[in-house]
Amino acid sequence: MNKRFNLESLPLCGAKTRSGEPCKRKGNKRNGRCKLHGGKSTGAKTEQGKMASRMNALTLFPSWYFGEPIPTSYQQRAYTCFNQLIVLMSHQPINWQNIFHLIDVDRIPLEMLKYQIMELTSINELLILQFALDRYYQEQNSAHLSFTVYMPQLTPSSYSSELSQPQQRYLDDWVNKHNPLQGTFFDTNR
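Throughout the sequence shown, residue numbering follows this note's numbering, covering 1379 to 1568 in sequence.
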């Protein structure tokens, strides 16, 4: 008995294409439409996506160009998060997971206001904040810090520099591929 699903049994999508003809792709089981015609968008989910969506609808020149003030809620979030980060960064060993969670929630306000925070505090606090943001971006394997998988990023000596998740994965893959212990006393595959 064959238990595999027969893709040929799916109906054609049939939605009207831009050329005016019916779509000839196979539809899905739920509603018979293909992935291109499956229904309305669910909309942006992230804070950054919602900001971009809101800006896409504007037809006027961007108001931020004229120095429109940053919403008070963003300022409060940034300062509260910054104060919590300073406390967490002063503990040894540093609990990076708590720091990453804080930054994950308030990354946008922190990035928007980090230089204002520096003006209100000091350059040392900006360095602490930027170091925490860089570690967060490394952990997220963000494109602008993806080089850290291959080359080191120098960091302040007062902060432990554990390997980020992408760095750990890269090293694990390298060790599995190259097996530097092969043929030595420590080779477990003998």
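Even for Gly, the Cβ is constructed at its ideal location relative to N, Cα and C.
To the nearest angstrom, how far is the alpha carbon of E1540 from that of Q1475?
Going by the C-alpha atoms only, they are around 12 Å apart.
Quick one: residues in its chain with C-beta nearer than 6 Å to the C-beta of N1502, no 5 flanking neighbours on either side, listed in chain order?
Correct list: empty, nothing qualifies.
Can you find the residues in the same chain that come closer than 6 Å, C-beta to C-beta, to M1496, ignoring five residues on each side of it along the sequence?
If we look at M1496 and ignore the five residues flanking it on each side, its Cβ neighbours are L1504.
Only counting the same chain, and skipping five residues up and downstream in sequence, which positions put a Cβ closer than 7 Å to that of G1392?
Excluding sequence neighbours, G1392 sits near P1400 and C1401.
My assumption, with CB atoms under 8 Å, is that F1460 sits in contact with L1488. Please give the rounded CB distance.
Rounded, the Cβ-Cβ distance is 7 Å, consistent with contact.
State the Cα-Cα distance for the pair H1479 and H1522, rounded to the nearest angstrom.
Their backbone Cα atoms lie some 20 Å apart in a straight line.
Let me confirm a value: Q1494 is counted as buried when at least 16 other C-beta atoms fall within 10 Å, else exposed. Which label applies?
Result: exposed.
Tell me the DSSP secondary structure of K1555 in three-state form.
Helix at K1555.
So for S1397, helix, strand or coil by DSSP?
Three-state DSSP puts S1397 in coil, outside helix and strand.
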